[in-house]
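Engineer: Numbering (this note's numbering), first residue to last: 2 to 271. C-beta: ideal position from N, C-alpha, C; glycine also. Sharing a structure here in structure tokens format.
This is the structure:
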């Protein structure tokens with residue numbers, strides 16, 4: 002840990018790396034090294050989404066999806082993308098921010114040229130790259146083996162993924178404020194995780210919920226992202242629904258960013 006941190010500090014304060022791109026690259030490289038050393042985090046990020054997809058497929062097979070416009074494969078695999086975003090980005094980054102804070106890494110980085118935004122962004126780059134790589138694998142597998150076809154509107158799929166990564170990174174930084182240790186991160190991330198699984202369409206399509214409950218669930222942080230992801234891959238959403246989904250995601254992102262700017266802790270909680 003010390004060696005990797007020293008390299009990150011050197012890269013972000015030395016004269017050869019004075020551009021924002023160079024500083025982000027250095028931070029991302031150091032964070033990637035730390036991520037690869039954490040075998041538990043790598044296992045959860047790589048294999049848990051596959052387990053969740055199988056569980057979702059089993060669940061959807063017992064549901065009546067008639068009238069939802071979804072097939073079992075389509076519902077399970079798009080839900081798998083949401084799970085990837087939650088686990089690889091949100092849950093992983095809460096633990097990462099807390100660990101770097103408690104080990105004084107964040108405090109030391111602030112003494113150099115790197116800005117606060119670059120520190121938070123650079124720390125999240127490997128997790129974001131991992132999530133996008135896993136999403137690509139899911140889309141390729143769905144197209145090649147599950148008969149879903151190529152994404153109908155790839156621009157919406159990319160918009161949903163980009164919004165999801167930014168939103169969940171900001172929410173992870175905000176959640177780290179109330180997380181004292183890496184161990185307690187497993188608890189503080191559960192409310193959003195379970196709310197998203199049950200209310201954002203990952204396990205239960207909103208179309209089969211009562212109208213009033215579905216309207217409430219549409220306001221959850223990840224619902225707008227999932228609407229864009231499903232519309233981008235499977236199609237079917239109307240312009241009004243897409244606009245509402247985009248606005249919901251943007252509002253939650255702005256609220257999360259505000260919370261980070263207002264309350265994010267750079268010093269250890271001791």
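Any idea if residue 182 is buried or exposed, counting beta-carbon neighbours within 10 angstroms, 16 or more meaning buried?
Structural biologist: In the chain shown, the residue the question calls residue 182 occupies position 181. Looking at its Cβ environment, which holds fewer than 16 other Cβ atoms inside 10 Å, residue 182 is exposed.
Engineer: Where does residue 65 sit, in a helix, a strand or coil, going by DSSP?
Structural biologist: For the purposes of this step, residue 65 is taken as residue 64 along the chain shown, with counting starting at 1. Note: residue 65 maps to coil in three-state DSSP.
Engineer: Is the distance from the Cβ of residue 72 to the Cβ of residue 53 below 9 Å?
Structural biologist: Counted from its first residue, the chain shown places residue 72 at position 71. Counted from its first residue, the chain shown places residue 53 at position 52. Cβ distance not < 9 Å, so residue 72 and residue 53 don't count as in contact.
Engineer: Taking residue 249 as the reference, give the member of 217, 69, 263 with the closest Cα.
Structural biologist: The residue given as residue 249 occupies position 248 in the chain shown. Here the closest residue by C-alpha is 217.
Engineer: In whole angstroms, give me the CA-to-CA distance for residue 14 and residue 198.
Structural biologist: Taking the chain shown and counting its residues from 1, the one referred to as residue 14 is at position 13. Taking the chain shown and counting its residues from 1, the one referred to as residue 198 is at position 197. Here the model assigns residue 14 a pLDDT of 48, short of 50, so the residue's position is not dependable, and the following value carries that caveat. For residue 14 and residue 198, the distance between alpha carbons rounds to 42 Å.
Engineer: Report buried or exposed for residue 79, applying the criterion of at least 16 other Cβ atoms within 10 angstroms of its Cβ.
Structural biologist: For the purposes of this step, residue 79 is identified with residue 78 of the chain shown, where counting begins at 1. The residue in question, residue 79, is buried, as its Cβ has 16 or more Cβ neighbours within 10 Å.
Engineer: Is the beta carbon of residue 120 sitting closer than 9 Å to the one on residue 110?
Structural biologist: Locating residue 120 in the chain shown gives position 119, where the first residue counts as 1. Locating residue 110 in the chain shown gives position 109, where the first residue counts as 1. Cβ atoms of residue 120 and residue 110: closer than 9 Å.
Engineer: Report all residues from its chain with a CB closer than 6 Å to the CB of residue 123; omit the five preceding and five following residues, and keep chain order.
Structural biologist: Sequence index remark: in the chain shown, residue 123 carries index 122 (1-based). 25, 28, 29.
Engineer: Quick check on this structure: which residue in 146, 70, 127, 134 has the alpha carbon closest to the alpha carbon of residue 39?
Structural biologist: Translated into positions along the chain shown, residue 39 becomes position 38. Closest option to residue 39, Cα to Cα, is 127.
Engineer: Among residues of its own chain, excluding the 5 on either side of residue 1, which ones have a beta-carbon nearer than 7 Å to its beta-carbon?
Structural biologist: Because the chain is modelled from 2 through 271, residue 1 falls outside the range shown and cannot be assessed.
Engineer: Please report how far the alpha carbon of residue 212 lies from the alpha carbon of residue 219, in whole angstroms.
Structural biologist: Walking along the chain shown from the start, residue 212 turns up at place 211. Walking along the chain shown from the start, residue 219 turns up at place 218. Using only the alpha carbons, I get a separation of about 10 Å.
Engineer: Hey, could you find the ends of the alpha helix (DSSP H) residue 227 is sitting in?
Structural biologist: Position 226 of the chain shown, counted from the start, is the residue given in the question as residue 227. 224–235 is the span of the alpha helix (DSSP H), which, as asked, contains residue 227.
Engineer: Assuming residue 161 contacts residue 230 under a Cβ cut-off of 8 Å, what Cβ separation, rounded to an integer in Å, is found between them?
Structural biologist: For the purposes of this step, residue 161 is taken as the residue at position 160 of the chain shown. For the purposes of this step, residue 230 is taken as the residue at position 229 of the chain shown. Rounded, the Cβ-Cβ distance is 4 Å, consistent with contact.
Engineer: Could you say which of 64, 31, 36 lies nearest to residue 209 if we only look at CA atoms?
Structural biologist: Your numbering for residue 209 matches position 208 in the chain shown. For residue 209, the nearest C-alpha among the options comes from 64.
Engineer: Can residue 32 and residue 76 be called in contact, C-beta distance under 9 Å?
Structural biologist: Numbered from 1 along the chain shown, position 31 holds the residue referred to as residue 32. Numbered from 1 along the chain shown, position 75 holds the residue referred to as residue 76. No, the pair does not count as a contact, with Cβ atoms beyond the cut-off.
Engineer: According to DSSP, is residue 151 helix, strand or coil?
Structural biologist: Position 150 of the chain shown, counted from the start, is the residue given in the question as residue 151. Three-state result, residue 151: coil.
Engineer: Quick check on residue 82: buried or exposed, where buried means 16 or more other Cβ atoms within 10 Å of its Cβ?
Structural biologist: Numbered from 1 along the chain shown, position 81 holds the residue referred to as residue 82. So residue 82 ends up on the buried side.
Engineer: Using DSSP with H/G/I as helix, E/B as strand and the rest coil, what is residue 195?
Structural biologist: Here the question's residue 195 lines up with position 194 in the chain shown. DSSP places residue 195 in helix when its eight states are reduced to three.
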